[in-house]
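A.B. asks: Here the sequence shown stands for residues 594 to 713, numbered as in the numbering used here. We treat Cβ as the ideally placed atom computed from N, Cα and C, and that holds for glycine. If you're wondering where the values come from, they're calculated on a predicted model, not measured in any experiment.
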Amino acid sequence: MLPPIYTWLKASNAVKAIIGNTPRAYRPGDAPQDVTQPYVTWALVAGVPDNQLSSTPPSDRYTVQVDCWHTTDKGVEDLAKAVRNAIEPNAHLTAIPVNNRDPETKLYRIALQFDVLQTR
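#1: Taking the alpha-carbon positions, what's the I598 to P651 distance?
#2: Taking the beta carbon of L672 as the centre, do at least 16 other beta carbons fall within 10 Å, making it buried, or is it exposed?
#3: For the alpha helix (DSSP H) containing I672, name the first residue and the last one.
#4: Is there contact here, the region 703-711 with the region 651-661, by at least three beta-carbon pairs under 8 Å?
#5: For L602, report the span of its alpha helix (DSSP H) as first-last.
#6: Counting C-beta neighbours from all protein chains within 10 Å, is the total for A684 16 or more, i.e. buried, or is it exposed?
#7: Do P631 and H663 have their C-beta atoms closer together than 8 Å?
#8: From the DSSP output, in three-state form, read off V628 for me.
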């Protein structure tokens with residue numbers, strides 16, 4: 594029912610080269626307290642069915658935000674590029690709403706928002 598973000602990331606050699614063969618990609622609240630860096634978090638921002646009067650919805654539209662976390666500025670840019678290349682064959686990049694350094698963790702962060710159309 595949800596977009597297979599983890600599956601798309603796991604299929605990418607470029608992503609796995611940065612965040613591990615079992616990619617460190619977590620849904621909200623699932624990243625361990627002392628997670629190994631770099632890593633990715635992803636969350637569903639919005640989701641709506643493509644409603645029709647004559648039948649059940651044939652597809653659902655989702656907005657997903659994928660946050661890339663790294664200890665270096667160049668590292669987070671490389672990770673964001675790899676994530677983008679892994680997901681874009683299946684979704685449309687619509688925004689890059691965050692590009693900063695977290696003041697608490699000191700990790701660099703780039704957030705990517707994608708729109709996904711998923712048939713049911």
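C.D. replies: Well, looking at it:
#1: In the sequence shown, the residue the question calls residue 598 occupies position 5. In the sequence shown, the residue the question calls residue 651 occupies position 58. The straight-line gap from Cα to Cα measures roughly 20 Å.
#2: For the purposes of this step, residue 672 is taken as residue 79 along the sequence shown, with counting starting at 1. Within a 10 Å sphere around the beta-carbon of L672 sit 16 or more other beta-carbons, which makes this residue buried.
#3: Reading the sequence shown from its first residue, position 79 is the one you call residue 672. The amino acid occupying residue 672 in the given sequence is Leu; Ile does not appear at that position. That run of the alpha helix (DSSP H) goes D666 to I680.
#4: Flag = yes, the region 703-711 and the region 651-661 touch.
#5: As a working mapping, residue 602 is identified with position 9 in the sequence shown. Looking at the DSSP string, the run of the alpha helix (DSSP H) that includes L602 is I598 to K603.
#6: Position 91 of the sequence shown, counted from the start, is the residue given in the question as residue 684. It counts as buried.
#7: Here residue 631 is taken as the residue at index 38 of the sequence shown, counted from 1. Here residue 663 is taken as the residue at index 70 of the sequence shown, counted from 1. H663 is positioned such that its CB atom lies closer than 8 Å to that of P631.
#8: As a working note, residue 628 is residue 35 in the sequence shown. V628 sits in coil when the DSSP states are folded into three classes, being neither helix nor strand.
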